[in-house]
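One structure is given here, and the rest of the page talks about it.
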Amino acid sequence: MSQNLLILLISVSTGLFVYSMILVKFVNERTHLRLQLKDIAETENSLRRNSDDMDFENKSFYSRVIFPGIERLSLFIGRVFPIAQKDQDKLNLQLLQAGLRIKAQTYLTIRILVIAVCMIFTYIYIGPYHLYFGFSVMMSALGGILSGYIISRFVLASRVTRRQNLLEKQLPGFLDLLSVCVEAGLGFDQAIQYVCHEYKGELSDEFKVVQRDISLGSTRKQALMSLCQRVTSSQMTTFTAAVLQADEMGISLKNILNAQSRNVRLAYKNKIEEKAQKLSTKILIPMLIFIFPVIFIILLGPAVPGIMKALGS
Numbered sequence: 001m002s003q004n005l006l007i008l009l010i011s012v013s014t015g016l017f018v019y020s021m022i023l024v025k026f027v028n029e030r031t032h033l034r035l036q037l038k039d040i041a042e043t044e045n046s047l048r049r050n051s052d053d054m055d056f057e058n059k060s061f062y063s064r065v066i067f068p069g070i071e072r073l074s075l076f077i078g079r080v081f082p083i084a085q086k087d088q089d090k091l092n093l094q095l096l097q098a099g100l101r102i103k104a105q106t107y108l109t110i111r112i113l114v115i116a117v118c119m120i121f122t123y124i125y126i127g128p129y130h131l132y133f134g135f136s137v138m139m140s141a142l143g144g145i146l147s148g149y150i151i152s153r154f155v156l157a158s159r160v161t162r163r164q165n166l167l168e169k170q171l172p173g174f175l176d177l178l179s180v181c182v183e184a185g186l187g188f189d190q191a192i193q194y195v196c197h198e199y200k201g202e203l204s205d206e207f208k209v210v211q212r213d214i215s216l217g218s219t220r221k222q223a224l225m226s227l228c229q230r231v232t233s234s235q236m237t238t239f240t241a242a243v244l245q246a247d248e249m250g251i252s253l254k255n256i257l258n259a260q261s262r263n264v265r266l267a268y269k270n271k272i273e274e275k276a277q278k279l280s281t282k283i284l285i286p287m288l289i290f291i292f293p294v295i296f297i298i299l300l301g302p303a304v305p306g307i308m309k310a311l312g313s
């Protein structure tokens with residue numbers, strides 16, 4: 001009996017010893033792993049703080065001070081003077097077409113600041129010429145509001161036109177590379193990713209937005225329709241419609257992209273030739289204003305003294 005009890009005690013002791021050794025080893029491994037993860041997290045946070053500090057130091061004074069101040073001011077102005085959602089969406093679309101990644105309320109805040117600056121300059125200009133302070137203030141306010149509004153609208157419209165022309169200019173080359181990548185065996189999304197990496201420009205940035213929208217859950221149709229809203233070129237509309245139709249009907253994208261690439265390049269060539277033909281007509285205006293009067297003076301100048309002498313006699 002005592003021998004059986006001794007064997008039982010030895011067995012239990014051995015089991016407890018083995019279990020305690022396994023438990024200690026497991027706890028040590030977990031503690032070691034926890035310390036490693038903590039060190040990795042601290043290192044990552046340190047690197048992120050250093051990167052943020054370097055990015056903050058590398059940013060311009062406008063990005064570090066002025067633009068954040070405008071953002072905070074726009075929040076206050078947005079609460080005091082809210083704008084309708086329809087007008088806000090329309091202005092946001094114009095800002096996207098101009099390549100400005102700012103909110104509509106921020107743009108309106110910048111417009112208000114421009115109007116204030118124009119009012120100040122108008123008062124400085126007309127203030128000394130009027131004795132009545134009220135009249136000077138009224139004229140300064142009227143001139144500042146008109147000039148600031150016109151300047152801000154003109155700058156936005158000209159930026160939209162210039163950027164849309166640049167996107168239309170880059171479209172033929174982009175589609176050529178895209179069709180070559182698809183012919184090489186890449187899928188449409190992979191081809192866009194490769195071309196965006198190799199082809200630098202505003203059009204690549206727009207297609208990067210398309211890739212981002214698709215990765216965030218939007219369908220290809222929704223992403224391309226948003227692209228058509230940002231890029232108002234008729235060639236872009238035709239290209240996206242052809243790609244969506246091919247996607248819905250199961251047509252090979254290789255033939256579609258080849259045809260669209262040829263059509264877009266031909267349309268751009270025809271547009272350049274049309275502008276070149278109009279150049280001869282447009283050049284007549286500076287010739288009539290600046291060149292012809294000088295020619296008349298050179299040709300008729302020597303005869304003027306004789307004509308005056310004949311009229312005097």
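Per the UniProt record's numbering, the sequence shown starts with residue 1, numbered consecutively. Backbone N, C-alpha and C fix where the C-beta goes; we use that ideal spot for every residue, glycine too. All of these numbers come straight from a predicted model, not from anything done at the bench.
Reduced DSSP category for residue i - H, G, I as helix; E, B as strand; rest coil
i      : result
Leu216 : coil
Phe292 : helix
Arg265 : helix
Arg101 : coil
Gly69  : helix
Tyr199 : coil
Gly173 : helix
Pro82  : coil
Ser234 : helix
Gly306 : helix
Ala276 : helix
Ala157 : helix
Leu186 : coil
Gly250 : coil
Ile298 : helix
Ile283 : coil
Assumed close pair residue i, residue j - CB separation to whole angstroms, cut-off 8 Å
i      : j      : result
Cys181 : Tyr199 : Not really, about 10 Å apart at Cβ, beyond 8 Å.
Gly69  : Arg111 : Actually they are not in contact, since the Cβ atoms of Gly69 and Arg111 sit about 16 Å apart, beyond 8 Å.
Gln260 : Phe239 : 5 Å
Glu183 : Lys254 : 5 Å
Ile214 : Asp247 : Not quite, the Cβ-Cβ distance comes to about 12 Å (not below 8 Å), so this is no contact.
Thr237 : Cys228 : 5 Å
Leu203 : Ile192 : With a Cβ gap of about 11 Å, Leu203 and Ile192 do not count as contacting.
With 16 other Cβ atoms within 10 Å as the buried cut-off, status of residue i
i      : result
Asp53  : With a pLDDT of only 47 at Asp53, under the threshold of 50, the placement of this residue in the model should not be trusted; the figure read from the coordinates follows. With fewer than 16 Cβ atoms within 10 Å of its Cβ, Asp53 is classed as exposed.
Met139 : buried
Thr14  : exposed
Phe174 : buried
Glu206 : buried
Met308 : exposed
Gln235 : buried
Ile120 : exposed
Leu257 : buried
Chain B within 8 Å of residue i, Cβ atoms only
i      : result
Ala303 : The chain labelled as chain B is not found in the depicted structure, where only one protein chain is given.
Nearest candidate by alpha-carbon position, reference residue i, set the options
i      : options                           : result
Leu96  : Leu244, Leu156, Phe296 and Thr237 : Leu156
Asn270 : Asp205, Lys86, Met225 and Lys169  : Lys169
Gly144 : Pro293, Arg220 and Tyr125         : Tyr125
Ala98  : Gly306, Pro302, Leu166 and Ala246 : Leu166
Leu244 : Gln222, Pro293, Thr109 and Val264 : Gln222
Gln164 : His197, Gly201 and Gly187         : Gly201
Tyr268 : Leu178, Lys282 and Leu171         : Leu171
Leu142 : Thr122, Phe292, Leu186 and Ala191 : Thr122
Thr106 : Phe81, Ser280, Ser218 and Val160  : Phe81
Ala116 : Lys282, Asp87, Ser152 and Phe290  : Ser152
Gln85  : Ile77, Arg72, Ala104 and Leu35    : Ala104
Asn263 : Ile251, Ala242, Leu279 and Glu274 : Ala242
Ile77  : Ile256, Asp176 and Leu108         : Leu108
Ser252 : Lys38, Gly185 and Thr232          : Gly185
Leu75  : Leu284, Ile102, Leu299 and Ile272 : Ile102
Residue i: CB within 7 Å of a non-hydrogen atom of the ligand PLP
i      : result
Leu108 : This structure does not include the ligand PLP; it has no bound ligands of any sort.
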